[in-house]
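Numbering (our numbering), first residue to last: 2 to 151. Idealized CB from N, CA, C, for every residue including glycine. As the structure is a computational prediction, the values presented were derived from the model and not from experiment. Each remark here refers to the structure printed beneath this line.
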């Protein structure tokens with residue numbers, strides 16, 4: 002299996018050897034599954050819209066587990082209805098909970114979850130361990146690995 006990724010600034014990033022870094026365009030044009038893992042904020046709002054869906058393979062599926070607003074949901078629904086892409090799995094929405102008239106709610110080719118993608122036993126166990134380790138570090142006079150920025 003070929004695993005590709007787009008990384009805007011790969012310098013200094015710890016990227017596993019099995020991941021091939023490609024351009025944004027190549028990723029969109031060649032991927033069977035596109036999984037989004039980007040932070041929210043203005044610069045990433047609508048980074049997947051009509052233009053990007055037009056570049057994707059008809060057999061592509063989009064997995065949206067990033068932040069709401071990263072994907073233009075109207076454009077996603079249109080791309081699925083017009084068979085531009087095969088389908089999508091969406092865990093985050095521009096507005097949460099999504100309104101009853103959200104077009105994604107009516108599409109059979111879309112799997113929707115209510116912002117619970119990280120709600121697994123493994124993830125909760127990892128969070129508990131991270132918290133315990135950070136408490137231990139702070140009580141030992143050291144800095145936590147996961148500080149809260151104010």
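Own chain partners of residue i with C-beta closer than 7 Å, once the 5 adjacent residues on each side are dropped
| i | result |
| --- | --- |
| residue 55 | 85 |
| residue 25 | 7 |
Contact under 8 Å by Cβ, residue i with residue j
| i | j | result |
| --- | --- | --- |
| residue 108 | residue 78 | yes |
| residue 87 | residue 59 | yes |
| residue 90 | residue 48 | no |
| residue 95 | residue 70 | yes |
| residue 32 | residue 61 | yes |
| residue 118 | residue 66 | yes |
| residue 16 | residue 4 | no |
Alpha helix (DSSP H) segment containing residue i, residue limits
| i | result |
| --- | --- |
| residue 78 | 74 to 82 |
| residue 55 | 51 to 56 |
| residue 130 | 122 to 140 |
Bounding residues of the beta strand (DSSP E) (the contiguous stretch that carries residue i)
| i | result |
| --- | --- |
| residue 110 | Taken as a continuous stretch (DSSP letters only), residue 110 belongs to no beta strand (DSSP E), as it is neither H nor E. |
| residue 65 | 62 to 65 |
| residue 26 | Not the beta strand (DSSP E): residue 26 falls in the alpha helix (DSSP H), residues 25 to 31. |
| residue 21 | 20 to 22 |
| residue 71 | Element bounds for residue 71: n/a, residue is neither H nor E. |
| residue 88 | 88 to 91 |
| residue 34 | 34 to 37 |
| residue 174 | In the structure displayed, the chain extends from 2 to 151; residue 174 sits before or after that span and is not available. |
Pick from the options that is closest to residue i, judged by C-alpha positions
| i | options | result |
| --- | --- | --- |
| residue 103 | 75, 117, 31 | 75 |
| residue 112 | 145, 122, 93 | 93 |
| residue 42 | 122, 72, 148, 19 | 72 |
| residue 27 | 146, 57, 2 | 57 |
| residue 45 | 34, 24, 53, 68 | 68 |
Rounded distance between the beta-carbons of residue j and residue i, thought under 8 Å
| i | j | result |
| --- | --- | --- |
| residue 9 | residue 22 | Residue 9 to residue 22, Cβ: 10 Å. No contact. |
| residue 146 | residue 134 | 7 Å |
| residue 98 | residue 106 | About 10 Å separates the two Cβ atoms, so there is no contact after all. |
Close beta carbons around residue i, own chain, < 8 Å, minus the five adjacent residues each side
| i | result |
| --- | --- |
| residue 116 | 92, 93, 94, 97 |
| residue 131 | 146, 147 |
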